[in-house]
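J.: I am attaching a structure below and will ask some questions about it afterwards.
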Amino acid sequence: MSRQDQLKREAALKAVEFVPENEYIGIGTGSTVDFFIEALGQSGKKVKGAVSTSPRSSELMSLYGIPEIHLNDVMRLAVYVDGADEVNHLLQMIKGGGGAHVREKIVANAADRFICIADESKYVSRLGRFPLPVEVVPLARSMVSRQLVKLGGRPELRIGFRSAGGNEIVDVEGLDLSQPLSMEDEINRITGVIDNGLFAHRPADLLVLARASGVEVLKAQV
Ligand code: 5RP
14 MSRQDQLKRE AALKAVEFVP ENEYIGIGTG STVDFFIEAL GQSGKKVKGA VSTSPRSSEL
74 MSLYGIPEIH LNDVMRLAVY VDGADEVNHL LQMIKGGGGA HVREKIVANA ADRFICIADE
134 SKYVSRLGRF PLPVEVVPLA RSMVSRQLVK LGGRPELRIG FRSAGGNEIV DVEGLDLSQP
194 LSMEDEINRI TGVIDNGLFA HRPADLLVLA RASGVEVLKA QV
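Under this note's numbering, think of the first position of the sequence shown as 14, with each following residue one higher.
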């Protein structure tokens with residue numbers, strides 16, 4: 014296992030401590046979350062049910078005996094656990110490297126508490142080195158891309174990829190993300206955009222960050 018995967022695993026193991034028993038929870042998508050599902054399954058902790066954000070997570074949840082429920086069948090989720098592509102000191106994030114950010118943002122917004130799990134490479138002083146994923150209705154891809162260029166971005170279609178909702182993703186480099194709240198809104202106002210991977214309006218509440226020196230649990234540093 015690579016050193017980065019070891020750190021992802023350490024963050025995931027620690028996050029299990031923040032999962033309350035006998036509650037409904039939400040589970041994100043990605044390699045860090047894969048470690049979390051494994052750790053939760055092996056911990057013996059029982060949740061009432063978990064909302065999944067991807068077929069990949071659903072499959073692993075079933076393997077580890079974590080009961081899946083549909084978001085429409087629950088009123089609230091106690092916690093949502095997910096990884097990130099980048100996270101800053103306000104616990105705002107770029108997500109969607111795995112192409113699941115639309116579902117992830119929905120489920121994160123249904124949760125009382127969002128716990129982000131990450132290795133130290135994801136913790137950045139400024140968001141924006143990682144290309145911002147934007148999910149678009151296929152028909153509108155070129156039209157949306159031209160608007161993204163006007164915002165200063167360099168959009169590139171994620172070739173051969175369709176989201177769970179059947180849409181395309183353009184990954185956008187070069188955007189100025191120094192005002193993440195307004196940029197999240199501005200991109201989402203473009204007709205044809207489903208949602209983008211900026212999580213500024215719904216930042217994490219806690220960051221479980223695995224560093225070479227140990228695992229830290231951070232709140233937003235305002
Ligand atoms: C998927 C995501 C993931 O959380 C993000 O891409 C991080 O993935 P990984 O844990 O594999 O590094 O947003 O849409």
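All residues carry an ideal CB built from backbone N, CA and C; glycine is no exception.
#1: Please check the pair M106 and V100, which I expect to be a contact at CB under 8 Å, by giving their CB distance rounded to whole angstroms.
#2: So, are the CB atoms of V221 and K27 less than 7 Å apart?
#3: Sort K108, T204, A91 and S191 by Cα distance to V149 and report the nearest one.
#4: Roughly how far, in whole angstroms, is the beta-carbon of L188 from the beta-carbon of G227, given that I think they are within contact range, below 8 Å?
#5: Within the continuous beta strand (DSSP E) that includes A131, where are the two ends?
#6: Under a three-way DSSP split, which group does G57 fall into?
#7: With H, G and I counted as helix, E and B as strand and the rest as coil, what does DSSP make of R167?
#8: Residue range of the beta strand (DSSP E) that P1 falls in?
#9: Would you list the one or two residues that DSSP bridges to I182?
#10: Measuring from the CB of A113, is there a heavy atom of the ligand 5RP at a distance below 6 Å?
#11: Taking R69 as part of the alpha helix (DSSP H), name the residues at either end of that continuous run.
#12: Indicate, with yes or no, if the ligand 5RP has a heavy atom lying under 6 Å from the CB of D98.
#13: What's the gap between the Cα of M196 and the Cα of L190?
#14: Taking all protein chains shown into account, decide if A113 is buried (16 or more other Cβ within 10 angstroms of its Cβ) or exposed.
#15: At a Cβ threshold of 7 Å, is D18 touching chain B?
#16: Would A213 and I130 qualify as a contact pair, given that the criterion is a beta-carbon distance under 7 Å?
#17: Measure the C-alpha to C-alpha separation of I79 and G54 and round it to an integer number of angstroms.
#18: Check whether the Cβ of S15 lies closer than 6 Å to any heavy atom of the ligand 5RP, and answer yes or no.
#19: In three-state terms, what does DSSP make of V115?
#20: Counting C-beta neighbours from all protein chains within 10 Å, is the total for K21 16 or more, i.e. buried, or is it exposed?
#21: Return the CA-CA distance between D47 and K118, expressed in angstroms with no decimal places.
#22: Find the nearest neighbour of S67 within the set V230, R175 and I207, judged by alpha-carbon distance.
T.: In brief:
#1: On the sequence shown, residue 106 is found 93 positions in, with the first residue counted as 1. On the sequence shown, residue 100 is found 87 positions in, with the first residue counted as 1. Between V100 and M106 the Cβ distance is about 5 Å, and since that is below 8 Å, they are a contact.
#2: In the sequence shown, the residue the question calls residue 221 occupies position 208. In the sequence shown, the residue the question calls residue 27 occupies position 14. The answer is yes: Cβ separation under 7 Å.
#3: Translated into the one-based positions of the sequence shown, residue 149 becomes position 136. Here the closest residue by C-alpha is T204.
#4: As a working note, residue 188 is residue 175 in the sequence shown. As a working note, residue 227 is residue 214 in the sequence shown. About 34 Å separates the two Cβ atoms, so there is no contact after all.
#5: Your numbering for residue 131 matches position 118 in the sequence shown. Looking at the DSSP string, the run of the beta strand (DSSP E) that includes A131 is A124 to D132.
#6: Residue numbering aside, residue 57 sits at position 44 when the sequence shown is read from its first letter. Coil.
#7: Mapped onto the sequence shown, residue 167 falls at position 154. Of the three classes helix, strand and coil, the one that applies to R167 here is strand, per DSSP.
#8: For the chain, the structure presents residues 14 to 235; residue 1 sits outside this window and is missing.
#9: Within the sequence shown, residue 182 is the residue found at index 169, counting from 1. DSSP, once it has assigned bridges, lists E148 as partnering I182.
#10: Counted from its first residue, the sequence shown places residue 113 at position 100. Correct: A113 has its Cβ closer than 6 Å to the ligand 5RP.
#11: Stepping through the sequence shown from its first residue, residue 69 is reached at position 56. First-last of the alpha helix (DSSP H) with R69: P68 to L76.
#12: Here residue 98 refers to the residue found at position 85 of the sequence shown. Yes, the ligand 5RP has a heavy atom inside 6 Å of this Cβ.
#13: The sequence position of residue 196 within the sequence shown is 183, counting from 1. The sequence position of residue 190 within the sequence shown is 177, counting from 1. So the two alpha carbons sit approximately 7 Å from each other.
#14: Start at 1 with the first residue of the sequence shown, and residue 113 comes out as number 100. Answer is buried; the Cβ neighbour count reaches 16.
#15: Of the protein chains in the structure, only one exists, and it is not chain B.
#16: For this step, residue 213 is matched to residue 200 along the sequence shown. For this step, residue 130 is matched to residue 117 along the sequence shown. Result no, Cβ atoms of A213 and I130 do not sit closer than 7 Å.
#17: By 1-based counting over the sequence shown, the position of residue 79 is 66. By 1-based counting over the sequence shown, the position of residue 54 is 41. Going by the C-alpha atoms only, they are around 7 Å apart.
#18: The residue given as residue 15 occupies position 2 in the sequence shown. Not under cutoff, so the answer is no.
#19: In the sequence shown, counting from the first residue as 1, residue 115 sits at position 102. The answer is helix: DSSP assigns V115 an H, G or I state.
#20: Position 8 of the sequence shown holds residue 21. Buried, by the Cβ-count rule.
#21: Numbered from 1 along the sequence shown, position 34 holds the residue referred to as residue 47. Numbered from 1 along the sequence shown, position 105 holds the residue referred to as residue 118. Spanning the two alpha carbons is a distance of roughly 18 Å.
#22: By one-based count along the sequence shown, residue 67 stands at place 54. Ranking the options by Cα distance to S67, first place goes to R175.
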